[in-house]
Amino acid sequence: MRLTISSLFVLATAAVATADGGSLNPSLDSIKPIPISSLADSVKPIVGRMTNAKRLALKLPPLKPKALRRVKNKDDDSVLGYLTRNINTFGEYGTFQPAQADSLEVTFYASPDDPSPEELDLHADNGPTATFPYVGAGYASDSDDFGTGSYNYAYVAGTQQSPAGSSAQVGDNTFSIATGIPGDWESAIWKYNRATQEITAQWINTDGSSPATYIIYANDGNDALIITGDADTLNETFGTTYPGVTLTCVAPVAQQPLRE
Numbered sequence: 353m354r355l356t357i358s359s360l361f362v363l364a365t366a367a368v369a370t371a372d373g374g375s376l377n378p379s380l381d382s383i384k385p386i387p388i389s390s391l392a393d394s395v396k397p398i399v400g401r402m403t404n405a406k407r408l409a410l411k412l413p414p415l416k417p418k419a420l421r422r423v424k425n426k427d428d429d430s431v432l433g434y435l436t437r438n439i440n441t442f443g444e445y446g447t448f449q450p451a452q453a454d455s456l457e458v459t460f461y462a463s464p465d466d467p468s469p470e471e472l473d474l475h476a477d478n479g480p481t482a483t484f485p486y487v488g489a490g491y492a493s494d495s496d497d498f499g500t501g502s503y504n505y506a507y508v509a510g511t512q513q514s515p516a517g518s519s520a521q522v523g524d525n526t527f528s529i530a531t532g533i534p535g536d537w538e539s540a541i542w543k544y545n546r547a548t549q550e551i552t553a554q555w556i557n558t559d560g561s562s563p564a565t566y567i568i569y570a571n572d573g574n575d576a577l578i579i580t581g582d583a584d585t586l587n588e589t590f591g592t593t594y595p596g597v598t599l600t601c602v603a604p605v606a607q608q609p610l611r612e
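Numbering (my numbering), first residue to last: 353 to 612.
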């Protein structure tokens, strides 16, 4: 089943973070332009190319209508808004807009019988670059392993597609292209709860383990969504108060008819 999320509604704390311990992002002097091209040329899983007529002929369910994602503050339920379709100067997702229109739209595939599908790839259907068409995470700081007591983190960024259940892949992502800083990445890190409509993250360590993974927001001017295995240690290390966030699927403003 294909589910399309027209925007990520993000709820995060309203507190403004400080960065007395140092900035997560490098100097702006090192930034390079991201290769931008039409997503029409990007590669999607083959099932996404099927029309509803073909799916029904194969006894598959029809494509589901679009849903929207928004982002919210876990501490006080304040709303950051809908995730925009653009990445920031550092090649990271984390800028928001108040309206749904023209916000980031993503597609993922899951069985209709699974209440909480995991290891999902989010394809950015209207994202900024065809070279890195998936919303994944890259650059895990000290190492590619998350865990309690470690500040290791990865930026939510544009990636290519990694195998489900695999650990970090060696190669470029939008952060590494923008900054020139090498960083491994994963794409199949997302989980979806049908009951709550929440999207959560699950990083895979180099030994194949699945550490606790938290989504936080660098709201001190970095404007970046980050995943980490220990938000408290990260905030202590960098002298920040980055809040945890909730990503939620929201119904679209208007439903377009399914195309045969």
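In this text, a Cβ means the ideal position worked out from N, Cα and C, and glycines have one as well.
In this text, all values refer to a predicted model and were calculated from it rather than measured experimentally.
- Query: Quick one: what's got a C-beta closer than 6 Å to D575's C-beta in the same chain, skipping five residues either side?
  - Reply: N440, G446, T447
- What residue from A570, E588, T459, D582 has the CA that sits closest to W555's CA? D582
- Whole angstroms is fine: what's the gap from F297's alpha carbon to D572's? The structure shown does not extend to residue 297, since the chain is modelled only from 353 through 612, so no value can be given for it.
- Query: Which of helix, strand or coil does DSSP assign to N440?
  - Reply: coil
- Message: Looking at the secondary structure, which residues open and close the beta strand (DSSP E) in which N545 lies?
- Response: 542-545
- Of the choices Y507, P450, P378, A482, whose alpha-carbon is the least far from that of A553? Y507
- Is it right to say D465 is buried, meaning 16 or more other beta carbons lie within 10 angstroms of its own, or is it exposed? Exposed.
- Task: Have a look at Y461 and P469 and give me their C-alpha separation to the nearest angstrom.
- Result: 9 Å
- Message: Quick check on this structure: which residue in P563, N545, P595, N438 has the alpha carbon closest to the alpha carbon of S463?
- Response: N545
- Message: Quick check on DSSP: helix, strand or coil for F448?
- Response: strand
- Tell me whether A530 sits in a helix, a strand or coil according to DSSP, three-state version. Collapsing the DSSP output to three states places A530 in a helix.
- Message: Could you tell me the alpha carbon to alpha carbon distance between I568 and T593, rounded to whole angstroms?
- Response: One alpha carbon belongs to I568, the other to T593, and they sit about 10 Å apart.
- By Cβ distance, which residues of its chain are closer than 7 Å to P534, with the 5 residues on each side in sequence left out? S528
- Query: What is the DSSP secondary structure of V602, counted as helix, strand or coil?
  - Reply: strand
- Under 8 Å between the Cβ atoms of E538 and G596? no
- Message: Can you give me the C-alpha to C-alpha distance between T481 and E550, rounded to a whole angstrom?
- Response: 25 Å
- Query: T531 and P378: beta carbons closer than 8 Å?
  - Reply: Yes, Cβ-Cβ distance for T531 and P378 is below 8 Å.
- Item | Cβ-based neighbour list, N478, same chain, cut-off 6 Å, excluding 5 preceding and 5 following | So the list reads R437, E457, once near-sequence residues are dropped.
- Message: Tell me which residues share the same chain as N587 and place their Cβ nearer than 7 Å to its Cβ, disregarding the 5 neighbours each side in the sequence.
- Response: T593, Y594
- Quick one: residues in its chain with C-beta nearer than 7 Å to the C-beta of A564, no 5 flanking neighbours on either side, listed in chain order? G581
- Using the Cα positions of E471 and I578, report the straight-line distance between them to the nearest angstrom. 18 Å
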